[in-house]
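Student:
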Amino acid sequence: MIIKIFGQLSDVIGSSSLEVNDIASTDELIKNLQLKYPALTNSKYRVAVNRNIIQSNTELQTGAEVALLPPFSGG
Amino acid sequence: MIIKIFGQLSDVIGSSSLEVNDIASTDELIKNLQLKYPALTNSKYRVAVNRNIIQSNTELQTGAEVALLPPFSGG
Amino acid sequence: METKKIAERKTIKVTEKKPKNIFVEGAVSALFIAGSIAKHSTKTGIGAHNIFLGQVRADLIDDKIVAAIEYTTYTEMALEKMHAIREAIFNKYDLTCMHVHHSLGTVKAGEISLFVFTSSKHRRAAIDACNEVVERIKKELPVWGKEIFEDAGYQWKVNN
Amino acid sequence: METKKIAERKTIKVTEKKPKNIFVEGAVSALFIAGSIAKHSTKTGIGAHNIFLGQVRADLIDDKIVAAIEYTTYTEMALEKMHAIREAIFNKYDLTCMHVHHSLGTVKAGEISLFVFTSSKHRRAAIDACNEVVERIKKELPVWGKEIFEDAGYQWKVNN
Chain C
2 MIIKIFGQLS
12 DVIGSSSLEV
22 NDIASTDELI
32 KNLQLKYPAL
42 TNSKYRVAVN
52 RNIIQSNTEL
62 QTGAEVALLP
72 PFSGG
Chain E
2 MIIKIFGQLS
12 DVIGSSSLEV
22 NDIASTDELI
32 KNLQLKYPAL
42 TNSKYRVAVN
52 RNIIQSNTEL
62 QTGAEVALLP
72 PFSGG
Chain Y
10 METKKIAERK
20 TIKVTEKKPK
30 NIFVEGAVSA
40 LFIAGSIAKH
50 STKTGIGAHN
60 IFLGQVRADL
70 IDDKIVAAIE
80 YTTYTEMALE
90 KMHAIREAIF
100 NKYDLTCMHV
110 HHSLGTVKAG
120 EISLFVFTSS
130 KHRRAAIDAC
140 NEVVERIKKE
150 LPVWGKEIFE
160 DAGYQWKVNN
Chain X
10 METKKIAERK
20 TIKVTEKKPK
30 NIFVEGAVSA
40 LFIAGSIAKH
50 STKTGIGAHN
60 IFLGQVRADL
70 IDDKIVAAIE
80 YTTYTEMALE
90 KMHAIREAIF
100 NKYDLTCMHV
110 HHSLGTVKAG
120 EISLFVFTSS
130 KHRRAAIDAC
140 NEVVERIKKE
150 LPVWGKEIFE
160 DAGYQWKVNN
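Residue numbers (the working numbering), protein chains in the order written: chain C, 2 to 76; chain E, 2 to 76; chain Y, 10 to 169; chain X, 10 to 169.
(1) How would you label Lys32 of chain E, buried or exposed, when you count the other beta carbons within 10 angstroms and need 16 or more for buried?
(2) In chain order, what residues of the same chain lie with their CB nearer than 6 Å to the CB of Val109 of chain Y, ignoring the 5 residues before and after it?
(3) Start and end of the alpha helix (DSSP H) containing Lys148 of chain Y?
(4) Which full runs of the alpha helix (DSSP H) of 4+ residues lie inside the stretch 54-136 of chain Y, going along the chain?
(5) By DSSP, does Val13 of chain C sit in helix, in strand, or in coil?
(6) For a cutoff of 8 Å on Cβ pairs, would you count Met86 of chain X as touching chain C?
(7) Let me check one thing: in DSSP terms, what residues is Phe158 of chain X bridge-paired to?
(8) Give the residues of chain Y in contact with Gln64 of chain X, contact being defined as C-beta atoms less than 9 Å apart.
(9) Mind the definition here: the stretch 70-85 of chain X touches the stretch 103-120 of chain X only if three or more C-beta pairs lie below 8 Å; say whether that holds.
(10) When DSSP labels each residue in this structure, what does Glu60 of chain E get in the three-state scheme?
(11) Apply the 10 Å Cβ neighbour rule to Glu120 of chain Y and answer buried if 16 or more other Cβ atoms are within range, or exposed otherwise.
(12) Using 8 Å as the threshold, is the stretch 45-63 of chain Y in touch with the stretch 43-63 of chain X, meaning 3 or more CB pairs across them?
(13) Taking the alpha helix (DSSP H) that Ser18 of chain E falls in, what are its first and last residues?
(14) Confirm, please, whether the CB-CB distance from Ala65 of chain E to Met86 of chain Y is below 8 Å.
(15) Short of 6 Å in beta carbon distance, which residues of its chain neighbour Val37 of chain X, apart from the five on each side in sequence? Order them along the chain.
(16) Mind checking Gly15 of chain C: buried by the 16 CB within 10 Å criterion, or exposed?
(17) Counting only beta-carbon atoms, is Asn140 of chain Y nearer than 8 Å to chain X?
(18) In three-state DSSP terms, what is Lys32 of chain E?
(19) Specify, as a first and last residue, the run of the alpha helix (DSSP H) that Ala68 of chain C falls within.
(20) Between Gly162 of chain X and Arg66 of chain Y, what straight-line distance do the alpha-carbon atoms span, to the nearest angstrom?
(21) Short check: CB of Leu10 of chain C to CB of Leu69 of chain C, under 8 Å?
(22) Which class does Phe7 of chain E belong to by DSSP, given the choice of helix, strand or coil?
(23) Gln9 of chain C CB to nearest chain X CB: under 8 Å?
(24) Since Tyr38 of chain E sits in a beta bridge, which residues does DSSP pair it with?
(25) Tell me the residue span of the alpha helix (DSSP H) that contains Phe41 of chain Y.
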């Protein structure tokens with residue numbers, strides 16, 4: 002599964018996308034990423050699954066489109 | 002003294018200015034005009050003296066700039 | 010020579026008392042608006058512009074279609090009033106600049122007769138100031154619109 | 010022959026599901042805005058336009074001056090979101106039309122990066138809709154601005 006990384010988070014993670022495997026839920030994804038990228042713990046962001054921001058832990062189906070979104074600053 | 006007439010009032014009076022003499026106040030002016038132009042009684046308008054809309058009867062000094070202003074419709 | 014130079018330096022700039030003219034003959038063109046926007050690119054403290062445009066509608070009134078509006082004004086009073094509005098708006102809002110252009114004479118349906126343009130560092134001031142200026146112009150400026158019908162006749166416009 | 014003709018006539022137009030693109034590469038030019046305004050002169054039911062323009066500020070941050078903002082987006086999500094905003098705005102306000110253009114890539118200080126344009130019969134709808142669209146764009150569109158300093162370095166923009 003490809004995780005899209007945007008804005009300042011691409012600085013924290015050092016890339017604009019990540020490949021992860023065998024991840025069942027967004028909570029599990031975040032736990033794994035925080036282990037690998039400790040700076041993520043101090044970052045403000047929301048998680049989108051299939052282009053919708055999730056409010057709580059969400060199961061990740063095969064082919065889900067997951068993205069990490071730091072605060073928006075358009076306009 | 003010249004009275005400036007604007008907008009729809011110039012239709013009622015048939016002119017965009019009027020000359021009047023020996024008028025001491027705005028109340029006197031209105032009374033005289035209503036006698037001469039009865040349709041004025043049914044018209045909505047305000048009176049400006051020296052480019053300020055007056056709220057009550059106002060004395061007219063020599064050289065005062067008097068205007069009759071129907072409802073504004075700019076923009 | 011030296012004395013003259015000092016005298017020149019001491020000359021005090023007389024403040025312009027005459028209010029700025031806001032009236033233009035006929036419609037406001039899209040290119041005029043573009044020029045006005047482009048001029049602000051050097052003012053790099055600006056973060057937000059708000060523009061209001063009034064366009065003449067081809068209203069249908071008792072089977073007659075409005076073809077144009079003919080605007081007239083009481084110039085001296087309108088410019089004095091607009092000057093007072095400008096002062097009040099600059100006192101109330103943190104604006105970088107503000108421009109107002111209102112048509113006189115004939116403006117055809119589909120053409121623009123009012124152009125209000127406010128700019129500020131942050132959007133709130135530009136948006137709120139523009140809104141207030143438009144409301145005050147409609148309510149307080151001695152300007153009259155005569156709606157000219159396509160075939161013949163006219164009626165005096167009423168603002169709501 | 011006859012059968013083919015009937016078949017052709019029966020072809021149903023498939024509704025375009027793909028949301029409208031709002032993104033443009035680089036700054037929005039004053040001439041583009043003028044063209045957009047001019048196109049509305051045939052829509053003679055319109056009485057009021059409201060335009061919001063976001064301009065890049067040359068902010069001074071810790072002795073460094075912002076020279077430009079580099080915008081990036083999550084395109085698919087942003088366009089879906091903008092489509093939803095558009096639907097909600099047209100349901101809420103009596104608008105004739107609405108146009109939104111947002112820059113991607115580099116926009117220099119003094120240049121325009123956001124252009125929101127609403128039109129309606131009466132001014133209240135155009136003004137209120139424009140205001141709401143701007144607020145929702147800033148809050149809800151997944152777009153990020155990177156403030157590039159004149160000499161070197163950058164910082165990520167924060168909306169307020």
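Backbone N, C-alpha and C define an ideal beta-carbon position, used for all residues, glycine too. Predicted model, so just to flag it, every value in this text is computed and none were measured.
Tutor: In short:
(1) Taking the first residue of the second sequence as position 1, residue 32 of chain E is located at position 31. When all chains shown are included, Lys32 of chain E counts as exposed.
(2) Position 100 of the third sequence, counted from the first residue, corresponds to residue 109 of chain Y. Within the same chain, Val109 of chain Y has close Cβ partners Ile31, Val125.
(3) Start at 1 with the first residue of the third sequence, and residue 148 of chain Y comes out as number 139. Run containing Lys148 of chain Y: 132-149, per the alpha helix (DSSP H) assignment.
(4) 84-101
(5) Translated into positions along the first sequence, residue 13 of chain C becomes position 12. It is helical.
(6) Counting from 1 along the fourth sequence, the entry for residue 86 of chain X is found at position 77. With 8 Å as the cut-off, Met86 of chain X counts as an interface residue toward chain C.
(7) Locating residue 158 of chain X in the fourth sequence gives position 149, counting from the first residue. Answer by DSSP bridge pairing, in chain order: X:Val75.
(8) Working through the fourth sequence from its first residue, we reach residue 64 of chain X at position 55. Result: His49, Ser50, Lys52, Thr53, Ile55, Gly56, Ala57, His58, Ser128.
(9) yes
(10) For this step, residue 60 of chain E is matched to residue 59 along the second sequence. Three-state result, Glu60 of chain E: strand.
(11) Locating residue 120 of chain Y in the third sequence gives position 111, where the first residue counts as 1. With 16 or more other Cβ atoms within 10 Å, it is buried.
(12) yes
(13) In the second sequence, residue 18 of chain E corresponds to position 17, counting from 1. Per DSSP, Ser18 of chain E belongs to no alpha helix (DSSP H); it is in the beta strand (DSSP E), 18-20.
(14) For the purposes of this step, residue 86 of chain Y is identified with residue 77 of the third sequence, where counting begins at 1. For the purposes of this step, residue 65 of chain E is identified with residue 64 of the second sequence, where counting begins at 1. No, Cβ-Cβ distance for Met86 of chain Y and Ala65 of chain E is not below 8 Å.
(15) In the fourth sequence, counting from the first residue as 1, residue 37 of chain X sits at position 28. So the qualifying residues of the chain are His110, Ile121, Phe124.
(16) Against the first sequence, residue 15 of chain C aligns to sequence position 14. That one is exposed.
(17) Here the question's residue 140 of chain Y lines up with position 131 in the third sequence. By this cut-off, Asn140 of chain Y is an interface position.
(18) Position 31 of the second sequence, counting from 1, holds the residue named residue 32 of chain E. Three-state result, Lys32 of chain E: helix.
(19) Numbered from 1 along the first sequence, position 67 holds the residue referred to as residue 68 of chain C. From DSSP, Ala68 of chain C is part of no alpha helix (DSSP H) but of the beta strand (DSSP E) over 67-70.
(20) Here the question's residue 162 of chain X lines up with position 153 in the fourth sequence. Here the question's residue 66 of chain Y lines up with position 57 in the third sequence. Distance between the alpha carbons of Gly162 of chain X and Arg66 of chain Y: 51 Å.
(21) Counted from its first residue, the first sequence places residue 10 of chain C at position 9. Counted from its first residue, the first sequence places residue 69 of chain C at position 68. Contact: yes.
(22) To locate residue 7 of chain E, count along the second sequence from 1; it is residue 6. Reduced to three states, the DSSP call for Phe7 of chain E is coil.
(23) Counted from its first residue, the first sequence places residue 9 of chain C at position 8. Gln9 of chain C counts as touching chain X.
(24) Working through the second sequence from its first residue, we reach residue 38 of chain E at position 37. Looking at the DSSP assignment, Tyr38 of chain E forms no beta bridge with any residue, so it has no partner.
(25) In the third sequence, residue 41 of chain Y corresponds to position 32, counting from 1. Taken as a continuous stretch (DSSP letters only), the alpha helix (DSSP H) holding Phe41 of chain Y covers 39-47.
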